[in-house]
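Engineer: Residue numbering for the sequence shown follows the working numbering, starting at 114 and increasing by one per position.
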Amino acid sequence: MPKLRKCSFCGNEFPPGTGMMYVKNDGTIFWFCSSKCRKNSLKLRRDARKLKWTKYFGKEEKGKA
Numbered sequence: 114m115p116k117l118r119k120c121s122f123c124g125n126e127f128p129p130g131t132g133m134m135y136v137k138n139d140g141t142i143f144w145f146c147s148s149k150c151r152k153n154s155l156k157l158r159r160d161a162r163k164l165k166w167t168k169y170f171g172k173e174e175k176g177k178a
């Protein structure tokens, strides 16, 4: 059984065969569940922690105390 992917922007899980994989030149892989997430992350450069519709809303950065 293929595993569910997790959106790199909003944090929602989505089934295999949907969504989009984006690979940067340095080899970093991003998975996006929708074009809304892809555009907010790559084109508009928005912070997912500042948008209420993401699961990361209100979370602190890892490593920050």
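Ideal Cβ positions, reconstructed from N, Cα and C, are used throughout, including at glycine.
At 3 residues or longer, what runs of the beta strand (DSSP E) sit wholly inside the stretch 117-161?
Structural biologist: Entirely contained in the stretch 117-161, the beta strand (DSSP E) runs reaching 3 residues are, in chain order, 133-136, 142-145.
Engineer: How long is the line joining the alpha carbons of Ser-121 and Phe-143, rounded to whole angstroms?
Structural biologist: Roughly 6 Å separates the two Cα atoms.
Engineer: So, is Asn-153 buried or exposed, given that buried needs 16 or more other C-beta atoms within 10 angstroms?
Structural biologist: It counts as buried.
Engineer: Let me know if Thr-167 comes out buried or exposed under the rule of 16 or more other beta-carbons within 10 Å of its beta-carbon.
Structural biologist: Thr-167 is buried by the Cβ-count criterion.
Engineer: Which value, in whole angstroms, describes the spacing of the CA atoms of Pro-128 and Lys-177?
Structural biologist: Approximately 32 Å between the Cα atoms of the pair.
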